[in-house]
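If you read the sequences in order, they're chains A and B. In terms of our numbering, the first sequence opens at residue 1 and continues consecutively. In terms of our numbering, the second sequence opens at residue 244 and continues consecutively. Cβ atoms here follow ideal geometry from the backbone N, Cα and C, with glycine treated the same way. This report refers to the structure that appears directly beneath it.
Protein chains: 2
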Amino acid sequence: MNNGSNPSTSRNCFTCQSRGKTEWCVLSDDELELVNVGKTCREYLPGETIFHAGDPCGGVHCIESGLIGIRKMNSGGDEILLRLNHPGDTMGYRSFLAGDAHNNSAEALEPSVICSINESTVRKLLSINPSLGLRFLKHAAMDLNDAEERVLNSATLPVRARFAHLLLVLRCRYGVDGANGDLTLELPLSRQDMAAMIGIRPESMSRTIRSFEEGNIAHFSGRRVHIPNLDELMDELEVSDGL
Amino acid sequence: MNNGSNPSTSRNCFTCQSRGKTEWCVLSDDELELVNVGKTCREYLPGETIFHAGDPCGGVHCIESGLIGIRKMNSGGDEILLRLNHPGDTMGYRSFLAGDAHNNSAEALEPSVICSINESTVRKLLSINPSLGLRFLKHAAMDLNDAEERVLNSATLPVRARFAHLLLVLRCRYGVDGANGDLTLELPLSRQDMAAMIGIRPESMSRTIRSFEEGNIAHFSGRRVHIPNLDELMDELEVSDGL
DNA sequence: CGCCAGGTTGATTTCGCTCAAGCAATGTGG
DNA sequence: CCACATTGCTTGAGCGAAATCAACCTGGCG
């Protein structure tokens, strides 16, 4: 279980490649040194859990590298994938600030290095550098936008549109635009996880993929996707409504 | 259109009955005076719009009294009701902080008095009193929790469970618990708006209500609801799954 | 009075789920 | 190295919940 662990000393915030992208970039050198000594780091293999829903929230977690999926489960055991978190993202700040236990669980989807910053360090930083709080506020505002968008989409859009939407979101980070309006992307997710992202069953995911193949909208081979005409994918976004 | 407007001078933050419940309660008297002079107030009648999605966001809006519905529409014209906002709630802070136009629209559901605080005043306050930002952060964190919960629920729960959930949420503010585990509530929403809250069509709302009537779970007459046995309503929350 | 918006009801359709089976790739233990 | 389980994915058949389409009813209001 602990085979992936790594001594904390091997990671340094000052040389962290993700530093520029984090909320922590507003910190002075002195403040960053606080983070540096107050953190512990660990590597997680795909499938390993960083925290579970219900776990006490003893600080925040910063992703140095890898890919993390944030999952949420209801009382019936159904699970969805709320979002993906990438290097530079800080996880668990919301539960931390609310003083709650974790509401969601976080699982490594790729080999990942996570730095955990303990509670007292974060509290101290928030009090001495107010702009850190504002950065988190901005981040929360963006997450909230996303979440509201998804409430709307999952309530009003059919599966095809939601899937097209997902592909277009993944495009930003995992897509390579071709010369003639085509697009290639290398999915970071399994089929089941894509299904969990748009709130459907794996079987429905399969069928939707097949339907996209048959409509010549996208071609899937393993985790590689080729979209011959981006416009046609865009057409799937809106439910055709004769207005 | 302007028949509900009221001179700004008639409203005073220091005597505002909602003051204790707002994010602004962390302000000193001097700071509150800034709000007092930097705000304009107006009364809105039911159906009137405070702001539309896409409108430039020139500050934040604080509810002194009444009830506001936050709506979001997709490109196909389908609309959902994201949440209700009550006296003391501040609206539009998210778009304000992100520097975006409004993402959602806000509509009065009851006669309401809204105080609008202009951009420069809010910026000044955020810079001189960091705890104001933290209050907003906490609020955003709670909204985010709600939104994520709703993503999960609308993806995994059937309509009956979502409606039961809605009734239980409304219970906090509009319900009166009876002596024998029963409950009476006075809905603040029309049927259509309840439908919009759980992302279904009005027809489905009607049928769900009738089904609750037939199952003796709740009795509806106009906007008054009587729930004879709260436990039976609770049973609807979870999808019965033989685990 | 006639109009209209909100609400209810019925008939029908459709989309996505459930249940079940099968298949390919991978791993494991004898 | 083979026999066997496991896991992720796909496919098919049938079902059921909610949407759609259409009609109608009600109360409020010009």
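List the DSSP bridge partners of MET334 of chain B.
-> B:HIS304
Cutoff 8 Å; reference HIS52 of chain A; Cβ partners in own chain excluding five residues on either side | HIS102 and SER105
Name the residue from B:GLY424, B:ILE443, B:PHE379 and B:ARG434 whose alpha carbon lies nearest to the alpha carbon of SER397 of chain B.
-> B:ILE443
Taking C-beta to C-beta, are GLU479 of chain B and ARG393 of chain B nearer than 8 Å?
-> no
Using a Cβ-Cβ cut-off of 8 Å, state whether VAL239 of chain A counts as contacting chain B.
-> yes
Determine, using beta carbons only, whether MET448 of chain B comes closer than 8 Å to chain A.
-> no
Closest by CA to ASP343 of chain B, which one among A:MET142, A:VAL169 and A:PHE136?
-> A:MET142
Are the C-beta of GLY92 of chain A and some C-beta of chain B separated by less than 8 Å?
-> no
Using a Cβ cut-off of 7 Å, which residues of the stretch 445–470 of chain B contact any Cβ in chain A, in chain order?
-> none
When the distance is taken between beta carbons, is CYS305 of chain B closer than 8 Å to THR265 of chain B?
-> yes
Neighbouring residues, chain B, relative to ARG191 of chain A (Cβ below 7 Å) | Those within 7 Å of ARG191 of chain A in chain B number zero; the least Cβ separation is about 17 Å.
Tell me whether VAL269 of chain B sits in a helix, a strand or coil according to DSSP, three-state version.
-> helix
Members of the stretch 306–324 of chain B near chain A, C-beta cut-off 7 Å | LYS315, ASN317, SER318, GLY319, GLY320, ASP321 and ILE323
Hey, does MET130 of chain A have any beta-carbon neighbour from chain B nearer than 8 Å?
-> Sequence inspection shows Pro at residue 130 of chain A; the Met mentioned does not correspond to that position. True, the Cβ-Cβ gap to chain B drops below 8 Å.
Which of helix, strand or coil DSSP assigns to GLY421 of chain B = coil
Leaving out five residues before and five after LEU400 of chain B in sequence, what residues of the same chain have Cβ atoms less than 7 Å from its Cβ?
-> VAL482
How do the stretch 106–125 of chain A and the stretch 33–49 of chain A stand: do at least 3 beta-carbon pairs fall below 8 Å, yes or no?
-> yes
Beta-carbon of THR156 of chain A versus every beta-carbon of chain B: anything under 8 Å?
-> yes
Test: GLY253 of chain A CB closer than 8 Å to a CB of chain B | Only positions 1 to 243 of chain A appear in the structure, and residue 253 of chain A is not among them; the question remains open.
So what does DSSP say about CYS13 of chain A, is it helix, strand or coil?
-> helix
Along the beta strand (DSSP E) that carries ARG467 of chain B, what are the first and last residues, could you check?
-> 467–470
Check SER370 of chain B in the structure and name its three-state DSSP category.
-> helix
PHE128 of chain A, buried or exposed, once every other Cβ within 10 Å from all chains shown has been counted against 16 | Correcting the residue identity first, residue 128 of chain A is Ile in this sequence and not Phe. Answer is exposed; the Cβ neighbour count stays below 16.
Interface flag, LEU233 of chain A vs chain B, CB-CB below 8 Å = no
List the residues of chain A whose Cβ lies closer than 9 Å to the Cβ of PHE406 of chain B, in chain order.
-> By Cβ distance, chain A contributes nothing, its closest Cβ being about 14 Å from PHE406 of chain B, past 9 Å.
Unbroken beta strand (DSSP E) run spanning LEU82 of chain A, endpoints | 79–85
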